[in-house]
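**Student:**
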Amino acid sequence: MHRPTRALPLPATPSSAEVSTVGISKELRLAAFGLSALVIAPTAQAQQTSDGSQAHVKLQGNSLSFYRKQTSGYASGGSVRLKSGYYERMCSAPCDVVLPTGTQQLAISSDGDPVETNAVEITGDGSLEADYESRQGTRTLGVVIAVVGSVIGASILSYGVTKDEGGLPFTLGGVGTMVGSMLAGMLLVLSTPDEANVRFIPSAPSPPERHADTGGADTASLNLVYTPGLQLSVAF
38 MHRPTRALPL PATPSSAEVS TVGISKELRL AAFGLSALVI APTAQAQQTS
88 DGSQAHVKLQ GNSLSFYRKQ TSGYASGGSV RLKSGYYERM CSAPCDVVLP
138 TGTQQLAISS DGDPVETNAV EITGDGSLEA DYESRQGTRT LGVVIAVVGS
188 VIGASILSYG VTKDEGGLPF TLGGVGTMVG SMLAGMLLVL STPDEANVRF
238 IPSAPSPPER HADTGGADTA SLNLVYTPGL QLSVAF
């Protein structure tokens, strides 16, 4: 079945009237103070390069959506610093697209938010193969540890508080269990993002055209000149 091919423009600053984009947070730092005067300023792309030529590329990946970076942005608001990228959705693999040659920054999503991949060099026609590793199970385990540990710690803490004598160890143990489980759970949730990688595979060069032999597949002619008026023709 033939799949339509989309021609993607060279990177440009997107607007709501031009393309539908997705913002991806790269860095977020929060302090103990309020947010003030949040300003987002698009910056020039330093990672993507192109010589102006284009290539037909097949995107391959099991039920994965591909995005292409358009611009990057930086936000600053006193206690908040946010770096983000804007990605245009191309298609869901398998599909065919037209991409500018050169270094491209892509992102891939499975069921959730897009995940930025490694920068890839497009040298010409070929295919992009994607690998997506979901770590949702590890993050879910972190949530379970935080919730269950907090419940157990609260129970121990409650027992220590209601105990007339010798309740201090239980109180401290309950507090420690709650704090430890919450920290462990948050560590698992925040430190295990999904990972995505792409690799470019150039298309094999087309074989040279074969021309039919006028003398037959098994016949060749050899002409040997001995004298100006005599010619010997040998066929084998």
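Just add 37 to wherever you are in the sequence shown, counting from 1, and you've got the working numbering.
Built from N, CA and C at the ideal position, the CB exists for glycine as well.
It should be emphasised that the depicted structure is a prediction, and the values quoted were computed from it without experimental measurement.
Per DSSP, what kind of secondary structure is Pro151 in: helix, strand or coil?
**Tutor:** Along the sequence shown, read from residue 1 onward, the residue named residue 151 stands at position 114. DSSP places Pro151 in coil when its eight states are reduced to three.
**Student:** Name the residue from Lys106, Pro137, Val135 and Gly139 whose alpha carbon lies nearest to the alpha carbon of Arg126.
**Tutor:** For the purposes of this step, residue 126 is taken as the residue at position 89 of the sequence shown. The shortest Cα separation from Arg126 among Lys106, Pro137, Val135 and Gly139 belongs to Lys106.
**Student:** So what does DSSP say about Pro206, is it helix, strand or coil?
**Tutor:** Translated into positions along the sequence shown, residue 206 becomes position 169. Reduced to three states, the DSSP call for Pro206 is helix.
**Student:** Output needed for Ser129: all residues of its chain with C-beta closer than 8 angstroms, excluding positions within five of it in sequence on either side, in chain order.
**Tutor:** Looking up residue 129 in the sequence shown gives position 92. Result list for Ser129: Ser100, Leu101, Ser102 and Phe103, in chain order.
**Student:** Kindly indicate which three-state DSSP category Gly211 falls into: helix, strand or coil?
**Tutor:** Here the question's residue 211 lines up with position 174 in the sequence shown. The answer is helix: DSSP assigns Gly211 an H, G or I state.
**Student:** Could you tell me if Ile61 is buried or exposed, where buried requires 16 or more neighbouring beta carbons within 10 angstroms of its beta carbon?
**Tutor:** On the sequence shown, position 24 is the one that residue 61 refers to. With a pLDDT of only 48 at Ile61, under 50, the local geometry of the prediction cannot be trusted, and no value is derived from it.
**Student:** For a test of the three-state rule: what should DSSP assign to Leu143, helix, strand or coil?
**Tutor:** Counting from 1 along the sequence shown, the entry for residue 143 is found at position 106. Of the three classes helix, strand and coil, the one that applies to Leu143 here is strand, per DSSP.
**Student:** For Asp168, collect the residues of the same chain with a Cβ closer than 6 angstroms to its Cβ; drop the 5 residues on either side in sequence, then sort them by chain order.
**Tutor:** The residue labelled residue 168 in the question sits at position 131 within the sequence shown. Asn234.
**Student:** Taking Gln141 as the reference, give the member of Val157, Glu153 and Asp150 with the closest Cα.
**Tutor:** Working through the sequence shown from its first residue, we reach residue 141 at position 104. Among Val157, Glu153 and Asp150, the Cα nearest to that of Gln141 is on Val157.
**Student:** Ordered along the chain, which non-local residues of its own chain (more than five positions away) have a Cβ less than 6 angstroms from that of Ser90?
**Tutor:** Residue numbering aside, residue 90 sits at position 53 when the sequence shown is read from its first letter. Around Ser90: Thr138.
**Student:** May I ask you to report which of helix, strand or coil DSSP gives Leu194?
**Tutor:** Here residue 194 refers to the residue found at position 157 when the sequence shown is read from its first residue. Helix at Leu194.
**Student:** Could you work out which residue in Leu136, Val226, Gly163 and Asp231 is closest to Ala183 when comparing CA atoms only?
**Tutor:** Stepping through the sequence shown from its first residue, residue 183 is reached at position 146. If we check each option's Cα against that of Ala183, Val226 comes out closest.
**Student:** At which residues does the beta strand (DSSP E) containing Asn99 begin and terminate?
**Tutor:** Here residue 99 is taken as the residue at index 62 of the sequence shown, counted from 1. Looking at the DSSP string, Asn99 is not in any beta strand (DSSP E), and its letter there is neither H nor E.
**Student:** What's the C-alpha gap between Val94 and Glu232?
**Tutor:** Position 57 of the sequence shown holds residue 94. Position 195 of the sequence shown holds residue 232. Each residue's Cα considered, the two are about 22 angstroms apart.
**Student:** Residues bridged to Leu227 by DSSP?
**Tutor:** If you number the sequence shown from 1, residue 227 lands on position 190. In the DSSP output, where bridge partners are listed per residue, Leu227 has none listed.
**Student:** Taking just the CA atoms, how far does Pro151 sit from Leu136?
**Tutor:** Taking the first residue of the sequence shown as 1, we reach residue 136 at position 99. Taking the first residue of the sequence shown as 1, we reach residue 151 at position 114. Between Leu136 and Pro151, the C-alpha separation is close to 19 angstroms.
**Student:** For Gly211, count the other beta carbons within 10 Å of its own beta carbon; 16 or more makes it buried, fewer makes it exposed. Which is it?
**Tutor:** Taking the first residue of the sequence shown as position 1, residue 211 is located at position 174. It is buried - the Cβ of Gly211 has at least 16 other Cβ atoms within 10 Å.
**Student:** Return the Cβ separation of Thr208 and Gly197 in integer angstroms, given the expectation that the two are a contact with Cβ distance under 8 angstroms.
**Tutor:** Taking the sequence shown and counting its residues from 1, one reaches residue 208 at position 171. Taking the sequence shown and counting its residues from 1, one reaches residue 197 at position 160. Confirmed, Cβ separation roughly 3 angstroms.
**Student:** Nearest-angstrom Cα distance between Gly149 and Asp201?
**Tutor:** One-based indexing of the sequence shown puts residue 149 at position 112. One-based indexing of the sequence shown puts residue 201 at position 164. For Gly149 and Asp201, the distance between alpha carbons rounds to 51 angstroms.
**Student:** Using the rule of at least 16 other Cβ atoms within 10 Å of the residue's Cβ for burial, across every protein chain shown, is Leu96 buried or exposed?
**Tutor:** Translated into the one-based positions of the sequence shown, residue 96 becomes position 59. Burial call: buried.
**Student:** Rounded to a whole number of angstroms, what is the C-alpha to C-alpha distance between Leu165 and Leu143?
**Tutor:** By 1-based counting over the sequence shown, the position of residue 165 is 128. By 1-based counting over the sequence shown, the position of residue 143 is 106. Between Leu165 and Leu143, the C-alpha separation is close to 11 angstroms.
**Student:** Just verifying my parser: in three-state terms, what is the DSSP assignment at Ser164?
**Tutor:** Mapped onto the sequence shown, residue 164 falls at position 127. Annotated three-state conformation of Ser164 is strand, per DSSP.
**Student:** Apart from the five residues on each side of it in sequence, which residues of its chain come closer than 8 angstroms, Cβ to Cβ, to Asp162?
**Tutor:** Residue numbering aside, residue 162 sits at position 125 when the sequence shown is read from its first letter. The residues are Ala92, His93, Val94, Pro239 and Ser240.
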